[in-house]
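Colleague: Offset between the sequence shown (1-based) and this note's numbering: plus 613.
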Amino acid sequence: MGESYIKFDCKQVSDNLPAEHEISGLNKLRQYLYAMGFIGALPDGDGFGNVSKKSSVGKVVVSCSKTGSIRDLSREHFACIEGYDISKNFVKYSGKLPASSEAMTHLAIYGANEKVNVVAHIHNERIWNLLISAGLKTNGNADYGTVEIAMEAYNYVLESKLSNGIFALAGHKDGIIIYAENFDKIIKLLNEYI
Ligand SMILES: [Zn+2]
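Structure, rendered in structure tokens:
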């Protein structure tokens, strides 16, 4: 862990996901990823994988912490990011449950390319190895939930100059990011590796 590692910190500003945030498309994508085993739980019960989208009002809606193991999510399992500070690894959210600690990586990617509307973080050993071998990976070795991993993802997307892509988080074993302009492109990018 690097010296500048700061533990993820979040503050709830409302215990409800505001009604203007529609989640059906995001939930559908998440159900597909769960059914394929890209989001789920390890044998010890630790959940992995999360999804987010930019909502119509420009805010980011993300699945909540500790929801990886749950088959069907409902509104209470999503949070809206109301404000954030990447350097402090801090987010403010509206929702019943805390935003995923990997929300910061999602936010960094939206910040790197304004055309990105959907981000999925999945886990898969085989695809992660393929992406690493192909050089589609972040520079660095930061682990999940750190400021560094968010910055590595930011730099990758910025340098790619693309609004659709898939890459491995080099320091987060089996961790993969898919970012795109819409839900269909996320599935299409993933299907190239299935
Ligand atoms: Zn992960």
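All C-beta atoms, glycine included, are put in the ideal place defined by N, C-alpha and C.
Taking the beta carbon of VAL670 as the centre, do at least 16 other beta carbons fall within 10 Å, making it buried, or is it exposed?
Modeller: For the purposes of this step, residue 670 is taken as residue 57 along the sequence shown, with counting starting at 1. It counts as exposed.
Colleague: Report the residue from TRP741, GLY784, ILE779 whose alpha carbon sits nearest the alpha carbon of TYR757.
Modeller: By one-based count along the sequence shown, residue 757 stands at place 144. If we check each option's Cα against that of TYR757, GLY784 comes out closest.
Colleague: Quick check for students: name the residue ranges of the beta strand (DSSP E) that lie wholly in the stretch 752–785, counting only runs of 3 or more.
Modeller: 778–781
Colleague: Please name the residue in LYS666, LYS641, ARG684, SER668 whose C-alpha comes closest to that of GLY660.
Modeller: The residue labelled residue 660 in the question sits at position 47 within the sequence shown. For GLY660, the nearest C-alpha among the options comes from ARG684.
Colleague: Pull up the distance between the alpha-carbon of GLY788 and that of ASN768, whole angstroms please.
Modeller: Start at 1 with the first residue of the sequence shown, and residue 788 comes out as number 175. Start at 1 with the first residue of the sequence shown, and residue 768 comes out as number 155. GLY788 and ASN768 have their C-alpha atoms roughly 17 Å apart.
Colleague: Does the separation of the CB atoms of PHE780 and LEU744 fall below 8 Å?
Modeller: As a first step, residue 780 must be located in the sequence shown, where it is residue number 167. As a first step, residue 744 must be located in the sequence shown, where it is residue number 131. With contacts defined by Cβ atoms closer than 8 Å, PHE780 and LEU744 form a contacting pair.
Colleague: For the beta strand (DSSP E) holding ASN795, just list the boundary residues, first then last.
Modeller: Along the sequence shown, one-based indexing puts residue 795 at 182. That residue, ASN795, is in no beta strand (DSSP E); it is neither H nor E in DSSP.
Colleague: Identify every residue that forms a DSSP beta bridge with GLY653.
Modeller: As a working mapping, residue 653 is identified with position 40 in the sequence shown. Per DSSP, PHE661.
Colleague: Check each candidate in LEU630, SER773, ILE807, ALA648 and name the one with the smallest Cα separation from LYS728.
Modeller: Here residue 728 refers to the residue found at position 115 when the sequence shown is read from its first residue. Residue SER773 is the option with its Cα nearest to LYS728.
Colleague: With 16 other CB atoms within 10 Å as the buried threshold, where does ASN754 fall?
Modeller: Translated into positions along the sequence shown, residue 754 becomes position 141. With fewer than 16 other Cβ atoms within 10 Å, it is exposed.
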